[in-house]
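Read the structure below first, then the notes.
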Amino acid sequence: MVLDLPHAAEIARRNASKHGLSDRFTAVAGDFFTAVPAGDLHLLKTVLHDWDDDRCRTILGNCRAATTAGGRAVVVEMLLGELGEPDFTAVSDLAMLALTDGRERGLGEFDALFAATGWQRGTTYPVGAGYHAMELRAV
Ligand SMILES: C[S@@+](CC[C@H](N)C(=O)[O-])C[C@H]1O[C@@H](n2cnc3c(N)ncnc32)[C@H](O)[C@@H]1O
Numbered sequence: 004m005v006l007d008l009p010h011a012a013e014i015a016r017r018n019a020s021k022h023g024l025s026d027r028f029t030a031v032a033g034d035f036f037t038a039v040p041a042g043d044l045h046l047l048k049t050v051l052h053d054w055d056d057d058r059c060r061t062i063l064g065n066c067r068a069a070t071t072a073g074g075r076a077v078v079v080e081m082l083l084g085e086l087g088e089p090d091f092t093a094v095s096d097l098a099m100l101a102l103t104d105g106r107e108r109g110l111g112e113f114d115a116l117f118a119a120t121g122w123q124r125g126t127t128y129p130v131g132a133g134y135h136a137m138e139l140r141a142v
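Using our numbering, you'd call the opening residue of the sequence shown number 4 and step up by one each time.
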């Protein structure tokens with residue numbers, strides 16, 4: 004199931020149909036600042052970097068509220084490294100500053116967001132192209 008704003012959910016539905024995937028794909032129109040559908044695994048890929056900390060806490064809190072017991076989430080984002088070791092994530096951080104209300108973050112900053120919203124980070128691993136998957140468990 005994909006949750007997105009109404010216009011994007013409609014495009015996702017159309018594309019699923021075009022590729023013959025409609026029988027195993029659902030697109031839900033909604034607003035993740037209000038609520039997200041219930042599930043045992045929520046995937047947020049390059050979503051949090053669009054938003055400031057307050058709004059990230061709202062999104063993560065809504066995922067937590069919609070998570071069934073023992074539920075999990077996976078957050079996929081680039082990770083800022085040590086100061087003085089600039090890499091592409093630092094460049095993307097500048098782009099997010101200029102173009103959105105968001106930012107790239109380091110692991111410690113993600114952990115603070117997770118802890119404030121009832122999540123604990125577990126296994127974290129690179130998934131290519133500079134992105135990392137952070138597996139979260141509801142606490
Ligand atoms: C940076 S894109 C990432 C999309 C996808 N996860 C990916 O990796 O390609 C962020 C997505 O969040 C959606 N979005 C923005 N505001 C939203 C909201 N309030 N509720 C639900 N989705 C929203 C956008 O329409 C967009 O599809």
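For every residue, glycine included, the Cβ atom is placed at its ideal position computed from N, Cα and C.
| Query | Result |
| --- | --- |
| With 16 other Cβ atoms within 10 Å as the buried cut-off, status of I62 | buried |
| A30 vs A41 beta-carbon contact at 8 Å | no |
| G131: CB within 7 Å of a non-hydrogen atom of ligand 1 | no |
| Between the CA atoms of L116 and L47 - distance to the nearest angstrom | 14 Å |
| DSSP bridge partner residues for E138 (one or two, in chain order) | V77 |
| Residue from D26, G64, L102 and F113 whose Cα sits closest to the Cα of L82 | F113 |
| Through-space distance from E85 to D26, alpha-carbon basis | 45 Å |
| Residues near L139 by beta carbon distance below 8 Å, same chain, minus five either side | R75, A76, V77, V78, F117, W122, Q123, R124 and G125 |
| Length of the line joining the Cα atoms of F35 and D90 | 30 Å |
| Beta-carbon gap between C66 and V39 smaller than 8 Å | yes |
| Cβ shell of L44 (< 6 Å), same chain only, five flanking positions each side left out | R75 |
| Rounded distance between the beta-carbons of R108 and L100, thought under 8 Å | The Cβ separation is near 12 Å, so there is no contact. |
| Alpha helix (DSSP H) runs contained entirely in the region 26-110, provided each spans 4 or more residues | 56-68 and 91-102 |
| Coil, strand or helix - A24 by DSSP | The amino acid occupying residue 24 in the given sequence is Leu; Ala does not appear at that position. Three-state result, L24: coil. |
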